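Single-structure report; data block below.
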Amino acid sequence: MSLPPVRVGIIGLGRSGWSIHAQGLKHLPDHYEVVAVADLIEARRREAEQEFDCRAYASYADLLADPAVELVVVAPPSYLHTVYTIAALHAGKAVVCEKPMAANLGDADAMIATAKRTGALLTMFQNRRREASYLKVREVIASGVLGRVFEIKITVHSFGRRWDWQTLRGFAGGQLRNNGVHYLDQALQLMDLVSGATVEPEVFYHATNALALGDAEDSFKVILRAPAAPLVDFEIIGACAYAQEPWLVMGDQGTLAGNYDSLRWKY
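Each residue of the sequence shown is one higher than the one before, starting from 82 at the first, in this note's numbering.
Structure representation (structure tokens):
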């Protein structure tokens, strides 16, 4: 006997809330039903009402008060993630929070503490854990054909001038929070895979704003180091017109290199 679909409410109908979450859930009708949305912009609410035949609220608090909502997707601008998530947990809702989890460690800890205290489920939307090239990199490392993996380079290059809210520190913008969280998550999991334990690495971090019109970084480098784990050299550069391949994994018996569509390795 199959379970009924989980009844979902989505807070925030911008690019992520609408194009990723709402449209993604629409293709899983046996598992999820969008029953409510919340957004400040009326046109977005009307579009959601028409497409999903759901209730649409101007206030996130009204959505949280809707007894039909079982699971809340928190997808407003990043600086609001902590406030909305904690409110949803207090309302007894399960929560999927968009990345970044929070603007700082203290806010993230508060979200975790609230989930533990209320018993409500809290999880992060880390969709790149299922990205095909990353899964293949994990598979090749785990196979042992590269030998002892001692260094991993993750490189994300582009050239473009952004001017939206995600370039502003006051909105918890910047490349590290916008995109870096995905690749740092991958890097930490690969370090765990090689070391056989959860690592707490030393961190070197350098950031700059090269092109973006806001005051947040559009380029940064992170180096992670931990005992028994490979060194990770990771960078996102928003002002590089000659992009390098994103993956380079070096072991004492072989090397893997490639991009999101094609990987190759010698051993």
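Just so it is clear, CB atoms sit at the ideal spot from N, CA and C, and this is done for glycine as well. Since this is a predicted model, take the numbers as computed values, not measurements.
Is the beta carbon of T236 sitting closer than 7 Å to the one on P327? Here residue 236 refers to the residue found at position 155 of the sequence shown. Here residue 327 refers to the residue found at position 246 of the sequence shown. Their beta carbons are under 7 Å apart, which means T236 touches P327 by this criterion.
Roughly how many angstroms separate the alpha carbons of A291 and G319, rounded to a whole number? Position 210 of the sequence shown, counted from the first residue, corresponds to residue 291. Position 238 of the sequence shown, counted from the first residue, corresponds to residue 319. Taking the straight line joining both Cα atoms gives about 7 Å.
Extent of the continuous beta strand (DSSP E) run through F315: One-based indexing of the sequence shown puts residue 315 at position 234. Annotation: the continuous beta strand (DSSP E) that includes F315 extends over L312 to I318.
7 Å Cβ cutoff met for K91 and V118: By one-based count along the sequence shown, residue 91 stands at place 10. By one-based count along the sequence shown, residue 118 stands at place 37. First, the residue type needs correcting, since residue 91 is Ile and not Lys in the sequence shown. Contact: yes.
Compute the beta-carbon to beta-carbon distance between G295 and L249, rounded to the nearest angstrom, for a pair I have assumed lies under 8 Å. Looking up residue 295 in the sequence shown gives position 214. Looking up residue 249 in the sequence shown gives position 168. Yes, G295 and L249 are in contact; Cβ-Cβ is about 4 Å, under 8 Å.
Could you say which of G93, G95 and L109 lies nearest to P85 if we only look at CA atoms? Numbered from 1 along the sequence shown, position 4 holds the residue referred to as residue 85. Nearest C-alpha to P85: L109.
Rounded C-beta distance between E232 and P311? I'm assuming under 8 Å. Reading the sequence shown from its first residue, position 151 is the one you call residue 232. Reading the sequence shown from its first residue, position 230 is the one you call residue 311. Going by Cβ atoms, the distance from E232 to P311 rounds to 5 Å, so yes, they are a contact pair.
Kindly identify the DSSP beta-bridge partner or partners of Y113. Working through the sequence shown from its first residue, we reach residue 113 at position 32. When beta bridges are read from the DSSP output, Y113 appears opposite V87.
Drop a sphere of 10 angstroms on the beta-carbon of Q267, count the other beta-carbons inside from all chains shown, and report buried for 16 or more, exposed for fewer. In the sequence shown, residue 267 corresponds to position 186, counting from 1. By the 10 Å Cβ count, Q267 comes out buried.
Limits of the alpha helix (DSSP H) - the one that Y264 falls within: Counting from 1 along the sequence shown, the entry for residue 264 is found at position 183. Taken as a continuous stretch (DSSP letters only), the alpha helix (DSSP H) holding Y264 covers V262 to S276.
Measure the alpha-carbon distance for G225 versus L329 and round it to whole angstroms. As a working mapping, residue 225 is identified with position 144 in the sequence shown. As a working mapping, residue 329 is identified with position 248 in the sequence shown. Straight across, the Cα-Cα distance linking G225 with L329 is about 16 Å.
The region 166-176 contacting the region 236-247, beta-carbon criterion three pairs below 8 Å: With the cut-off at 8 Å, the region 166-176 and the region 236-247 do not touch.
Environment of K347 [buried if 16+ CB atoms lie within 10 Å]: Here residue 347 refers to the residue found at position 266 when the sequence shown is read from its first residue. With fewer than 16 neighbouring CB atoms inside 10 Å of its own CB, K347 falls in the exposed class.
For P181, count neighbouring C-beta atoms within 10 Å of its own C-beta (all shown protein chains included) and say buried if the count is 16 or more, exposed if not. Numbered from 1 along the sequence shown, position 100 holds the residue referred to as residue 181. The residue is buried, with at least 16 neighbouring Cβ atoms inside 10 Å.
Mind pulling the beta strand (DSSP E) runs of 3 or more residues that sit fully within the region 285-346? Positions of the beta strand (DSSP E) runs, each at least 3 residues long and wholly inside the region 285-346, are given as 300-306, 312-318, 328-332 and 336-339 in order along the chain.
DSSP bridge partner residues for H238 (one or two, in chain order): Within the sequence shown, residue 238 is the residue found at index 157, counting from 1. The beta-bridge partner set that DSSP reports for H238 consists of I318.
Neighbourhood of L203 by C-beta distance below 6 Å, restricted to the same chain and skipping five residues each side: As a position in the sequence shown, residue 203 is number 122, starting the count at 1. V176 and A196, listed in sequence order.
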